[in-house]
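Under my numbering, the letters of the sequence shown match residues 3 to 151, in that order.
Think of the CB as a built atom: it goes at the ideal place given N, C-alpha and C, for glycine as much as any other residue.
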Amino acid sequence: MPDDLLRPTVGAGVDMSARPWRLMSQTYVAFFGGVLASTTIAYLNAGRLGVDAAKRRLVLLTGLAGFVVVIGVFLLLYDDSGITSGFRVGIRVVAVLCCMAQLRLQRPMDRAFQLRGSDYGSLWGIGIAVTIGGAVVEGVVLYLVTVVL
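As structure tokens, this is what we get:
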């Protein structure tokens, strides 16, 4: 019977074939792509890190709450002349704040990943795709909000 003290625990239950992305790289996605893009990347990265299901749900709930706030900011700052620069700044602030909360949920498992001594994966390809896709989806939803009102 093997000794529990000698059993490896840092990599236990984590799929090492899908390398996670650096946490701070996710803030670029949040800034340029918005809350939906940031939440998508944070959720995928949490899975790559082996974050438990409850914390992954919290990542999604944080993103949903952030998107509701974005819609609220939009409703407060939108006028018939179009989208203002205050709105653009506001949604970026909300996206980065949500991202920071999501990074905090991933941090313990990211530290465990760092202890394994593995390299991070590249966020360039998927990051750009999700940034563009998230920005487009947010734009469409906000347009639909203007149509309904």
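Where Gly123 sits in the DSSP three-state scheme: coil
Gly123 versus Val75 - alpha carbon distance: 34 Å
Met102 - containing alpha helix (DSSP H), residue span: That run of the alpha helix (DSSP H) goes 87 to 118.
Buried versus exposed call for Gly141 [16 or more other C-beta atoms within 10 Å across all chains shown]: Gly141 should be labelled exposed.
Simplified DSSP assignment, three categories, for Gly49: Gly49 falls in the helix class under three-state DSSP.
Of the listed residues Arg50, Leu78, Met26, nearest to Thr148 (C-alpha basis): Of the candidates Arg50, Leu78, Met26, the one whose C-alpha sits nearest the C-alpha of Thr148 is Leu78.
Expected contact under 8 Å - CB spacing of Thr133 and Val61 to nearest Å: No, Thr133 and Val61 are not in contact; Cβ-Cβ is about 17 Å, not under 8 Å.
Segment contact flag, the segment 88 to 106 with the segment 32 to 40, C-beta cutoff 8 Å, min 3 pairs: yes
Assigned secondary structure, Gly36 (DSSP; H/G/I helix, E/B strand, else coil): coil
Beta-bridge pairing of Gly84 - partner residues as DSSP gives them: Asp81
Cut-off 7 Å between Cβ atoms - residues of its own chain near Gly92, not counting five sequence neighbours on either side: By the criterion of a C-beta distance shorter than 7 Å, Gly92 is surrounded in its chain by Val75, Leu79, once the five residues flanking it on both sides are discounted.
Reference Ala97; option with closest CA among Val72, Trp126, Gly119: Looking at the Cα atoms, Val72 is the closest of the given residues.
Between the CA atoms of Thr64 and Ser27 - distance to the nearest angstrom: 18 Å
Cβ shell of Asp82 (< 8 Å), same chain only, five flanking positions each side left out: none
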